Amino acid sequence: MDRVLIRQLKIETVIGIYEWEKKIHQNLLIDLDMAWDNKPAADTDDYQYALCYETVSKRLTALITEKPIELIETVAEMIATCLMDEFDVPWVKVTVMKPGAVPSVAAVGVEIERGYC
Numbered sequence: 004m005d006r007v008l009i010r011q012l013k014i015e016t017v018i019g020i021y022e023w024e025k026k027i028h029q030n031l032l033i034d035l036d037m038a039w040d041n042k043p044a045a046d047t048d049d050y051q052y053a054l055c056y057e058t059v060s061k062r063l064t065a066l067i068t069e070k071p072i073e074l075i076e077t078v079a080e081m082i083a084t085c086l087m088d089e090f091d092v093p094w095v096k097v098t099v100m101k102p103g104a105v106p107s108v109a110a111v112g113v114e115i116e117r118g119y120c
């Protein structure tokens, strides 16, 4: 299975369950593994067959910053649904990390896989 990867997409947004978190912006770091048939793009050297990293990154940033969200679990599901519905990605692994959420660790996070290979 071919995959398109995006690592550490940084999205600054309002995220959290506490009242103080709802008043500030925090960073999320997103890692994506997306199933994609890269052979047509490679064989033709034609961009129209590629999954555009920039388009995906901009769309996800707009989606996650649209309104405040409380849980990173919700962020992960929103991303997976968007990629599968809007970009026709058949399978995705989404990792959402929230740096600084717990003082004694570098980051906390969740990882989900959706779809079929």
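Residue numbering for the sequence shown follows the numbering used here, starting at 4 and increasing by one per position.
Virtual Cβ for every residue (Gly too), placed ideally from N, Cα, C.
The structure presented is a predicted model; accordingly, all values stated were derived computationally and were not measured.
How about L31 and T16: are their beta carbons less than 8 angstroms apart?
The residue given as residue 31 occupies position 28 in the sequence shown. The residue given as residue 16 occupies position 13 in the sequence shown. Cβ atoms of L31 and T16: closer than 8 angstroms.
Which listed residue (H28, M4, A38) has its alpha carbon closest to that of M87:
Position 84 of the sequence shown, counting from 1, holds the residue named residue 87. Comparing Cα positions, the closest option is A38.
Given 8 angstroms, three or more beta-carbon pairs between the stretch 8-15 and the stretch 23-30
yes
Using the C-alpha atoms, what's the distance from T47 back to M81?
In the sequence shown, the residue the question calls residue 81 occupies position 78. In the sequence shown, the residue the question calls residue 47 occupies position 44. Distance between the alpha carbons of M81 and T47: 33 angstroms.
From the DSSP output, which residues share a beta bridge with R6?
Numbered from its first residue, the sequence shown carries residue 6 at position 3. Its beta-bridge partners are A38.
Between L35 and L74, is the Cβ-Cβ spacing less than 8 angstroms?
Counted from its first residue, the sequence shown places residue 35 at position 32. Counted from its first residue, the sequence shown places residue 74 at position 71. Cβ atoms of L35 and L74: not closer than 8 angstroms.
Based on DSSP bridge pairs, tell me the residues matched to R117.
Looking up residue 117 in the sequence shown gives position 114. DSSP output for R117 lists V95 as bridge partner(s).
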